[in-house]
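A.B. asks:
There are 2 protein chains.
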Amino acid sequence: MKLATLRDGSRDGQLLVVSRDLRHACHAGDIAPTMQAAIENWEQAAPQLRRVYDRLNEGQISSVIVFDPHAVAAPFPRAYQFIDASAFLNHGNIMERAYNLTVKKDKNIPILIQRQGDDFYGPHDDYPFPSEADNADFEGEIAVVLDDVPQGTQAADALGHVKLLMLFNDMSMRTHLFRELGMGFGFILAKPATVFGPVAVTADELGDAWADGRIHLDLQVHRNGEWFGNPNGREMDFSFADIIAHISYNRKLGAGTVIGTGTFSNKNYQEVGSACLAERRAIETIANGEAKTPFLRYGETLRFEMLDASGQSVFGAIDHRMVQA
Amino acid sequence: MKLATLRDGSRDGQLLVVSRDLRHACHAGDIAPTMQAAIENWEQAAPQLRRVYDRLNEGQISSVIVFDPHAVAAPFPRAYQFIDASAFLNHGNIMERAYNLTVKKDKNIPILIQRQGDDFYGPHDDYPFPSEADNADFEGEIAVVLDDVPQGTQAADALGHVKLLMLFNDMSMRTHLFRELGMGFGFILAKPATVFGPVAVTADELGDAWADGRIHLDLQVHRNGEWFGNPNGREMDFSFADIIAHISYNRKLGAGTVIGTGTFSNKNYQEVGSACLAERRAIETIANGEAKTPFLRYGETLRFEMLDASGQSVFGAIDHRMVQA
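Chains as they are written, first to last, in the UniProt record's numbering: chain V, 1 to 325; chain D, 1 to 325.
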């Protein structure tokens, strides 16, 4: 099923059930007032939401509204826990080769970045940042949302906690990223607010494309209306099962925890392109000794979308514009 | 005023107003159901809570309960945004000297660590971790809690957003810390759940000891009932004004954001001791070539407390025990 959060002026908005074709929606506040309330009470809420979803898809609900992706916030407008992985090692390998970096990695330990969850942007919100000199960049990613995960959860049990998936653009400020990476304590100015697609979906919406704790679909990325890349999720070097098990070694994860893939990146990047500017610039640097693709300027637009096997948009699109803060 | 969160089986508990002497409390659910609700609506809630607090201290409230610090959760059982600083450079300097580390620092940029907020422990909760080989350590710290902070807030305006202060123990797993520091992406296994003192207090409770965006009081640390250290907060190299301004350069901070000082650390550590094991071990290593103070074992207890000028406990005490997960 597909769920969204209608803006209503409150911090957490109102829960909507959205039809599979993303054309219609209906209010689900009688089941759970917000997305966070739904995930905290998923065992009770999910079957009820699914009945509404089925009836909505069958055209049996009279009080439908037109689904307007401009009227929604991020599915979770805020979250108590957000960790982003960097699970496509191909991306890191390209970056290290271009810039002669040596990241001390362990092939059994995923790179994970603790992130803030208090301010997630909706799919069509203008994205404000204070200076073009910050070298603004995007990263096309997918996230999972978990119910309560006990401390010590093993990989074999981890995927049972994945209740929803979301599309997101992990905006990154590269000027600050290299400095903060060198300090070693993680990212602050390098990773401001994150931008999410219109709907969160249950894994069954992906059919066979959700397998081995990975999303086997292309992530379509466009910059100013032009194709930028469409890497596939199947090349994740660490599955979500691996990632969840690693994190929960010595912490429990609260319901509504968001965990991201890291920027999509494929070995055949010559054909499928990239999902972030930094990677394309690194590829240019390796090939030609310098990067020619510029970082983002005010007024530029970005679009991210993922289509299922039938061509249906899974999450709806992120389509947003960079603006002066 | 002093506020706490009574456990009631729900995720966010119930808001209590607590008397200055920490002996009595009364329910404040008619003003705000939870601490998070109070901070999101602080302008309306704070004057009402203060009236209750004043009457409670004057013995004018009939429906008082005995304040039991064993019955409370962390003041904020969870938070959407938690950043810990490392604002006492003395601590880092000792660590670097002992272990020949070179952290790429900029004297104008505070070290900041993005942290998770979905699972804060109460002051007397047993602390479970999976292995003594993780080299468990504590860090005695103070945190501020903010109301909504706009993007681009300047240092001159930052302290007006500080609404509450809290005492906390930033539990740290040193085996993982050195590895994760080397990777550069921040901490995951090195920094599991954080432990908070019984009450959150407004800055006026500190009197003159809240000055220049710093807490000019000693933080008393005991290990298994024995004195371990009592460093003072006045030596913070970055004030909370500096820290908040730095963070909000390109992000807004949601109401309920928690920002920590980093482990208290003073230049006269020979007299006042330390607030974490790693620092004492580093001092031993510098003096004798090796550390003799062991990391935490199961069954050990830790106590953290801060007294005001009159000898009154400001936040109540954290007093908890290490246990096998």
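Even glycine gets a Cβ: it sits at the ideal position worked out from N, Cα and C. Because the structure is a prediction, the values reported are computed rather than measured.
State buried or exposed for Trp-210 of chain D, treating a residue as buried only when at least 16 other CB atoms are found within 10 Å of its CB.
C.D. replies: Classification of Trp-210 of chain D: buried, given that the 10 Å Cβ count is 16 or more.
A.B. asks: Between the region 171 to 183 of chain V and the region 125 to 140 of chain V, are three or more C-beta pairs nearer than 8 angstroms?
C.D. replies: Short answer: they touch.
A.B. asks: In chain D, what lies closer than 9 angstroms to Glu-235 of chain V by C-beta?
C.D. replies: Chain D residues near Glu-235 of chain V: none, gap ~20 angstroms exceeds 9 angstroms.
A.B. asks: Classify Gln-270 of chain V as helix, strand or coil using the three-state DSSP reduction.
C.D. replies: Gln-270 of chain V: helix per DSSP, three-state reduction.
A.B. asks: Flag Gln-116 of chain D as yes if its beta-carbon sits less than 8 angstroms from any beta-carbon of chain V, otherwise no.
C.D. replies: Cβ-Cβ to chain V under 8 angstroms: yes for Gln-116 of chain D.
A.B. asks: May I ask you to report which of helix, strand or coil DSSP gives Asp-208 of chain D?
C.D. replies: The answer is helix: DSSP assigns Asp-208 of chain D an H, G or I state.
A.B. asks: So what's Gln-324 of chain V in DSSP terms, helix, strand or just coil?
C.D. replies: Strand at Gln-324 of chain V.
A.B. asks: Counting only the same chain and skipping the five closest in sequence on each side, list residues whose C-beta sits under 8 angstroms from that of Tyr-298 of chain D.
C.D. replies: Excluding residues within five positions, the ones whose Cβ falls inside 8 angstroms are Glu-132, Met-322, Val-323 and Gln-324.
A.B. asks: With 9 angstroms as the limit, tell me which residues of the region 249 to 268 of chain V have their beta carbon closer than that to any beta carbon of chain D; keep them in chain order.
C.D. replies: Taking 9 angstroms as the Cβ-Cβ cut-off against chain D, the residues of the region 249 to 268 of chain V that qualify are Tyr-249, Asn-250, Arg-251, Lys-252, Leu-253, Gly-254, Ala-255, Gly-256 and Thr-257.
A.B. asks: Using a C-beta to C-beta distance shorter than 7 angstroms, which residues of chain D count as neighbours of Leu-181 of chain V?
C.D. replies: Ordered by position in chain D, the residues that pass the 7 angstroms Cβ test against Leu-181 of chain V are Gly-184.
A.B. asks: Could you check where the beta strand (DSSP E) with His-24 of chain V kicks off and where it finishes?
C.D. replies: Here the beta strand (DSSP E) through His-24 of chain V covers 24 to 27.
A.B. asks: Would you report the Cα separation of Val-17 of chain V and Val-103 of chain D, rounded to the nearest angstrom?
C.D. replies: Distance between the alpha carbons of Val-17 of chain V and Val-103 of chain D: 49 angstroms.
A.B. asks: Please name the residues in the region 140 to 172 of chain V whose beta-carbon is closer than 9 angstroms to at least one beta-carbon of chain D, in chain order.
C.D. replies: Within the region 140 to 172 of chain V, the residues whose Cβ lies closer than 9 angstroms to some Cβ of chain D are Gln-151 and Gly-152, listed in chain order.
A.B. asks: Is it true that the region 198 to 208 of chain V meets the region 62 to 75 of chain V, where meeting means three or more beta-carbon pairs spaced less than 8 angstroms apart?
C.D. replies: Touching, yes.
A.B. asks: Starting from Asp-119 of chain V, find everything on chain D with Cβ-Cβ shorter than 7 angstroms and list it in chain order.
C.D. replies: Those are Arg-251, Lys-252 and Gly-254, listed as they occur along chain D.
A.B. asks: DSSP has Trp-227 of chain D in a bridge; who is on the other side?
C.D. replies: The partner list for Trp-227 of chain D (beta bridge, DSSP) reads D:His-222.
A.B. asks: Contact criterion: CB-CB distance below 8 angstroms. Does Pro-75 of chain V meet it with respect to chain D?
C.D. replies: Not closer than 8 angstroms to any Cβ of chain D, the Cβ of Pro-75 of chain V fails to qualify, so no.
A.B. asks: Please list, in chain order, all residues of the same chain as Gln-151 of chain V whose beta carbon is under 7 angstroms from its beta carbon, the five residues on each side excluded.
C.D. replies: If we look at Gln-151 of chain V and ignore the five residues flanking it on each side, its Cβ neighbours are Ser-248, Asn-250, Arg-251 and Lys-252.
A.B. asks: Within its chain, find whatever has a CB closer than 8 angstroms to the CB of Gly-29 of chain V; leave out the 5 residues flanking it on each side and keep chain order.
C.D. replies: Cβ neighbours of Gly-29 of chain V beyond the five flanking positions: Gln-14 and Leu-15.
A.B. asks: How many whole angstroms separate the CB atoms of Arg-7 of chain D and Arg-78 of chain D, which I take to be in contact at a CB cut-off of 8 angstroms?
C.D. replies: The pair is not a contact, with the Cβ atoms about 13 angstroms apart (cut-off 8 angstroms).
A.B. asks: Which whole-angstrom value is the C-beta distance of Gly-233 of chain D and Gly-273 of chain D, which I expect to be below 8 angstroms?
C.D. replies: The Cβ separation is near 15 angstroms, so there is no contact.
A.B. asks: Please name the residue in D:Ile-286, D:Ala-46, D:Ile-259 and D:Glu-279 whose C-alpha comes closest to that of Leu-146 of chain D.
C.D. replies: When each option's Cα is compared against that of Leu-146 of chain D, the closest is D:Ile-259.
A.B. asks: Can you tell me whether DSSP reads Ala-32 of chain D as helix, strand or coil?
C.D. replies: Coil.
A.B. asks: Using a C-beta cutoff of 8 angstroms, does Phe-129 of chain V count as contacting chain D?
C.D. replies: So yes, Phe-129 of chain V belongs to the interface.
A.B. asks: Considering Cα atoms alone, identify which of D:Leu-181, D:Gly-311 and D:Ala-143 is closest to Leu-101 of chain D.
C.D. replies: Per the Cα distances, D:Leu-181.
A.B. asks: So, for Glu-300 of chain V: in the same chain, excluding its five sequence neighbours on each side, which residues have a beta-carbon less than 6 angstroms away from its beta-carbon?
C.D. replies: Closer than 6 angstroms at Cβ, skipping near neighbours: Asn-224 and Met-322.
A.B. asks: Please classify Trp-227 of chain D as buried or exposed, where buried requires at least 16 neighbouring CB atoms within 10 angstroms.
C.D. replies: Exposed is the call here.
A.B. asks: Starting from Met-236 of chain D, follow the alpha helix (DSSP H) in both directions and report where the run begins and ends.
C.D. replies: Element bounds for Met-236 of chain D: n/a, residue is neither H nor E.
A.B. asks: Please list the partners that Arg-174 of chain V has in chain C, where partner means a Cβ-to-Cβ separation under 7 angstroms.
C.D. replies: Among the chains of the structure shown, chain C does not appear; the protein chains present are V and D.
A.B. asks: Classify Phe-264 of chain D as helix, strand or coil using the three-state DSSP reduction.
C.D. replies: Reduced to three states, the DSSP call for Phe-264 of chain D is coil.
A.B. asks: So, does the CB of Tyr-80 of chain D fall closer than 8 angstroms to a CB anywhere in chain V?
C.D. replies: It does; some Cβ of chain V falls within 8 angstroms.
A.B. asks: Using a Cβ-Cβ distance under 8 angstroms, would Val-195 of chain V count as near chain D?
C.D. replies: It does not; no Cβ of chain D falls within 8 angstroms.
A.B. asks: Since Ala-158 of chain D and Ala-245 of chain D should fall inside the 8 angstroms C-beta cutoff, what is the C-beta to C-beta distance between them, to a whole number of angstroms?
C.D. replies: About 5 angstroms; that satisfies the 8 angstroms criterion.
A.B. asks: Leu-219 of chain V: which of V:Thr-194, V:Leu-167 and V:Asn-268 sits nearest, CA to CA?
C.D. replies: Leu-219 of chain V has its Cα closest to that of V:Leu-167, out of V:Thr-194, V:Leu-167 and V:Asn-268.
A.B. asks: Entirely within the region 62 to 140 of chain V and at least 4 residues each: give me those alpha helix (DSSP H) ranges in chain order.
C.D. replies: Runs found: 89 to 99.
A.B. asks: Express the C-alpha separation of His-124 of chain D and Pro-110 of chain V in angstroms, rounding to a whole number.
C.D. replies: Distance between the alpha carbons of Pro-110 of chain V and His-124 of chain D: 33 angstroms.
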